[in-house]
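Chemist: Before I ask anything, here is the structure I am working with.
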Amino acid sequence: MSAGRKDKRPFNSNPRGGPSKFQRKPPMNKPKEVVLQPHPRFKGVFLSRGKEETLATKNLTPGLSVYGEKRILAGPDDAKVEYRAWNPFRSKLAAGILGGLENIHIVPGAKVLYLGAASGTSVSHVSDLVGPEGVVYAVEFSHRSGRDLLSLAKKRPNIVPIIEDARLPQRYRMLVPIVDVIFADVAQPDQARIVGLNAKYFLKEKGGVVISIKANCIDSVKAPAEVFANEVNILRKLEIKPKEQATLEPYERDHAIVVGIYRDSK
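If you read the sequence shown in full-length UniProt numbering, its first letter stands for residue 1, the second for the next number, and so on.
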């Protein structure tokens, strides 16, 4: 070999032989053992206290992650239970809980209509929350996200995927019974109207409404606080009585969650 010639090797090869670091399989997402305690306000939600407060839900499908989230083992050695870390940067509902909401109306055994289900990241935690006795009717308009949602529903029998436009609830009225709660994350200028229309079709009297509001999707000129106030007024006109509101910062910018009760005469 000439002095000027470099020793060329195939990319990713190891000069000592054997697999290179690039070729090794990534480590499996094994569950970590931690101490969890029930959340003081929300049934089915758990807290892991360490450097930061972490939310978790009991995994309906032990051994499986949905979006690469950490799996957590807790409990006595002879009765370990698997939980899933609930990332508030990936779920508006988790961000709302950490933002100080007092009631999300989603409890074990509940029937939930979820508008704007996307690929099912947050839906999967609602599925954990309601458990095997509850049902999540997950509505998503995008066929691309809908494929992921359908795949998720095959592994989680309490999810009913509905690939439809939430503006047209009459198209899925045969699939959805009267529900206990509507959660909405549709990010549309008329989202309050969409929620009100679905409530009229499917929500029981005094049922819960939880709506995530993205200010610049409704009005990119007005201040977020003004947008939120306007949406609250629209909800009132739709017979949804607002009970509380929480900002989603630092997890989401210019977002808020409003929680209300449908047709509450009190």
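Each residue gets a CB set at the ideal place from its N, CA and C atoms; glycine is no exception.
Which residue spans inside the segment 105-152 form an unbroken beta strand (DSSP E) run of at least 3?
Modeler: 111-115, 135-139
Chemist: Would you grab the beta carbon distance between L47 and L60 for me? Rounded to a whole angstrom, and I think it's under 8 Å.
Modeler: 19 Å between Cβ atoms; not a contact.
Chemist: Quick check: the Cα distance between K214 and W86, rounded to an integer number of angstroms?
Modeler: 21 Å
Chemist: Assuming the contact rule is C-beta atoms closer than 8 Å, A192 and L238 should be a hit. Round their C-beta distance to whole Å, please.
Modeler: 7 Å
Chemist: Going by DSSP, which residues form a beta bridge with H255?
Modeler: K214
Chemist: Excluding sequence positions up to five away, which residues of its chain have a Cβ less than 8 Å from the Cβ of V45?
Modeler: P38, H39, L55, A56, T57, W86, I97, L129
Chemist: With distance defined between alpha-carbon atoms, name the residue in L203, V160, F141, E140 nearest to P132.
Modeler: V160
Chemist: With respect to the beta strand (DSSP E) encompassing G244, which residues constitute its N-terminal and C-terminal limits?
Modeler: It should be noted that the sequence gives Glu, not Gly, for residue 244. Counting along the chain, the beta strand (DSSP E) containing E244 begins and ends at 240-247.
Chemist: Answer yes if the segment 166-180 comes into contact with the segment 132-142, meaning at least three C-beta pairs across the two stretches below 8 Å, and no otherwise.
Modeler: yes
Chemist: Tell me the DSSP bridge mates of L203?
Modeler: V179
Chemist: Which residues does DSSP pair with R193 in a beta bridge?
Modeler: None, per the DSSP bridge assignment.
Chemist: Tell me the residue span of the beta strand (DSSP E) that contains E231.
Modeler: Counting along the chain, E231 falls outside any beta strand (DSSP E), though it belongs to the alpha helix (DSSP H) covering 224-237.
Chemist: Taking Cβ positions, are L36 and A246 nearer each other than 8 Å?
Modeler: no
Chemist: Give the straight-line distance between the Cα atoms of P189 and R236, rounded to the nearest whole angstrom.
Modeler: 17 Å
Chemist: Mind pulling the beta strand (DSSP E) runs of 3 or more residues that sit fully within the segment 64-93?
Modeler: 71-74, 81-86
Chemist: What residue range is occupied by the uninterrupted beta strand (DSSP E) comprising Q37?
Modeler: 36-38
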